[in-house]
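Read the structure below first, then the notes.
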Amino acid sequence: MEEEEIQTEELSGEERIRRKTEEKESISKTKKEKTRIKAKKSEPIKYNKIGRTEILKPPIFQIDIDTELKIPSIKKYPQIEYRNKIKPMIIEEESYSSMLIIPNLAEESAINYPSVISPRRILKTVSTRITIPKVILEEIPLQKRVSLQERALEETVERAKITDVSKSSGSEIEIESEEIPNFLDLLFIGGEEIESGEPVMICLEETDKNSFFGALETICKRIYREKRGGKPKAVIFSDVEELKREIRWIEAEDKIFSARLSKEEWDKLKKQDRDRIFNRIEQLFSQNFGFIIFNGIFYSFPERHRVNIIMLKPRELDTKLARKISEMVWGSVKTEESGTFDYIFDSARKNFEETLKAISKERGGIYVDATKPNEGDESEEHLLMKQFLVRYLTQKLIEDGKLPPKPDLLQIKEKIKTEKDTKEELGGDISADIKVEDTVYEVETLFSEDREGKIARNKITHTIGKYEEITSVQKINLVLDNLTFLRHLKDLKEIKDNYKSWQKKHGKNIGFYMLDLRNWKILDISEVIKKIKEIARDLRPSN
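All the letters of the sequence shown, read from the start, carry residue numbers 36 to 578 under our numbering.
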């Protein structure tokens, strides 16, 4: 019995030792686990890179307290808008990542107490580089003002379709259309702006089907002679390499500087070449009147100075319309039956000039001898038109029976007075270009050298006014060359209307005419307006 008790006590002692050992091991294991958890807890949480901001569920930690993780939202960068005009720029392409990086969380306290930590303290400071993507400049349509001009012409065309007299319910209603289409707008969208009188750069948009470049050069030359006087110097380039060598000489002053290149040649111009061209264009603001003409469209222009840059788009003209317009401009002469507008227009010009000059050879030059030149400056065109009028008036007097079928020089000069020979009949120092009975004929090219320093419209009204007190003159007929007449058609109509009461008061009649070389006569302004409106009705506006 005692032996069993001793053995039991011994077993109890061993059990106690074993239990103590197990308890120590358990305590050591627990301490290690706590140390591992504590070490893990002290490390910052790392996240992989993601493409967009997301709300993450709080991670679960094996710790005794609840932990909440809040990740601040990151706003996208605002879109940058360029509202001002910009020059074209070439930005080198740069590869860049579209990935948005969430910065690492830094502070342990931010995990335990996120609600009291400012989002700025949570985020580490990271350097950010914004890469501007490649800028692509898209082509833009012609300036809005051009489309407005096109719309205005279309409205004018619609008004021109209204007949002068319409019958309704047996009654006649007269409808007068005061709108007269601008002649240059019949050829080009935005054509009226060529008349500004300032140095101009013109970008002409041409197609492969038609050509207007030569006609535009001719029109600019006539405008120059009116605005500036004399003939402009022509500088023409048709080769891109030659143009690049001469860029430093590009200017409008007293010139028509024109570059007519193919699309492929324009594309050969490098950025530095275009910059040099634009640099020269910037200098137009300080130059005298003249033109720079390119057969290409540029969508970036100088901004530091106000420069008159006009973008022209030719109208869509079929051969019939091209011939009608060319005939009106060049004295109703016969035109070519086919070809581009340039070809038809220029052939008509040559025919017009040859026909006028041929008058000097008729009947041994009798009409030249019957026409006195002006005592002052006089252009060749002005003198040739006077010779035409002497011929026209001679034939008219023959038809009226006031001259024999083949009058000699003395008979013609007795009936038709020119220049200083008119002074005796008019009295004083006043002279007319031509005078027949009670009618005077004044030739007006409106070239600067022919208008005695006066502006165009004032030259016309001055010519009318000088006959105000001369009772022997009852008819004042002003004859203009056709291109000048068509360009100033609206002014001439306004002057004629404004002088209605003046004509009534002084017992005189004012007429405006242009040449008809095919029929050897002159066309009254009412006939010209009718023809212009017919062309406007037939015109198919460009898209």
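Here a beta-carbon is modelled for each residue, glycine too, at the ideal position from N, C-alpha and C.
DSSP state of residue i, grouped into three classes?
| i | result |
| --- | --- |
| E228 | helix |
| V403 | helix |
| G325 | strand |
| L424 | helix |
| F320 | helix |
| Q178 | In this prediction, Q178 scores a pLDDT of 45, lower than 50, which makes its location untrustworthy; no coordinate-derived value is stated. |
| L455 | Residue identity differs from the one stated: residue 455 is Lys in this sequence, not Leu. Three-state DSSP puts K455 in a helix. |
| Y148 | A caution first: Y148 carries a pLDDT of 43, below 50, which makes its placement in the model too unreliable to give a value. |
| F387 | helix |
| N533 | helix |
| D310 | helix |
| K305 | coil |
| A287 | coil |
| T474 | strand |
| V342 | coil |
| F218 | helix |
| G463 | coil |
| F376 | helix |
| Y548 | strand |
| L418 | helix |
| F247 | coil |
| D381 | helix |
| I237 | strand |
| E362 | helix |
| D573 | helix |
| E351 | strand |
| I394 | helix |
| S293 | strand |
| L481 | coil |
| D526 | helix |
| I52 | helix |
Checking 7 angstroms against the spacing of the C-beta atoms, do residue i and residue j come in under that value?
| i | j | result |
| --- | --- | --- |
| F329 | A287 | no |
| I567 | P349 | no |
| A294 | F313 | no |
| Y476 | N517 | no |
| E416 | T506 | no |
| E261 | F482 | yes |
| T354 | N245 | no |
| V270 | K290 | yes |
| P234 | Q322 | yes |
| M420 | V364 | no |
Suppose you measure from the CA of residue i to the CA of residue j; what does that come to, to the nearest Å?
| i | j | result |
| --- | --- | --- |
| R315 | R309 | 10 angstroms |
| A393 | N409 | 21 angstroms |
| E299 | G331 | 11 angstroms |
| E388 | S367 | 12 angstroms |
| K305 | L221 | 35 angstroms |
| K407 | K455 | 8 angstroms |
| E230 | L438 | 44 angstroms |
| I224 | L461 | 47 angstroms |
| L391 | T242 | 34 angstroms |
| E434 | P440 | 8 angstroms |
| G205 | R572 | Confidence at G205 is low in this model, with a pLDDT of 33, below 50, so its placement is unreliable and the value that follows should be read with caution. Roughly 27 angstroms separates the two Cα atoms. |
| A383 | E371 | 8 angstroms |
| G400 | E240 | 46 angstroms |
| K565 | E351 | 21 angstroms |
| G411 | L418 | 12 angstroms |
| N386 | K540 | 43 angstroms |
| I495 | K303 | 49 angstroms |
| M346 | S373 | 27 angstroms |
| K550 | G232 | The question names Lys, but residue 550 in the sequence shown is Leu. Approximately 26 angstroms between the Cα atoms of the pair. |
| G226 | K458 | 42 angstroms |
| S561 | G463 | 34 angstroms |
| K279 | K535 | 57 angstroms |
| K470 | D559 | 18 angstroms |
| E281 | W555 | 47 angstroms |
| V342 | G265 | 24 angstroms |
| L445 | Q430 | 15 angstroms |
Can you tell me the Cβ-Cβ gap for residue i and residue j, rounded? I've got them flagged as a contact below 8 angstroms.
| i | j | result |
| --- | --- | --- |
| V514 | I557 | 6 angstroms |
| L296 | V275 | 6 angstroms |
| E324 | R522 | According to the sequence provided, residue 324 is Phe. The question's Glu does not apply to it. Actually they do not touch by this definition, with Cβ atoms about 16 angstroms apart. |
| F380 | S395 | Between S395 and F380 the Cβ distance is about 25 angstroms, and since that is not below 8 angstroms, they are no contact. |
| A405 | I447 | 5 angstroms |
| D377 | F248 | 6 angstroms |
| I570 | L356 | 7 angstroms |
| D473 | K510 | 6 angstroms |
Taking 6 angstroms as the cut-off, is the beta-carbon of residue i closer than that to any non-hydrogen atom of the ligand SAH?
| i | result |
| --- | --- |
| S321 | In the structure on display, the ligand SAH does not appear, and there are no ligands present to speak of. |
Note to self: For the pair the stretch 443 to 451 and the stretch 421 to 435, tell me if three or more CB-CB distances fall below 8 angstroms.
What the structure shows: yes
query: Within the chosen definition, does the stretch 540 to 552 reach the stretch 516 to 530 through at least 3 CB pairs nearer than 8 angstroms?
result: yes
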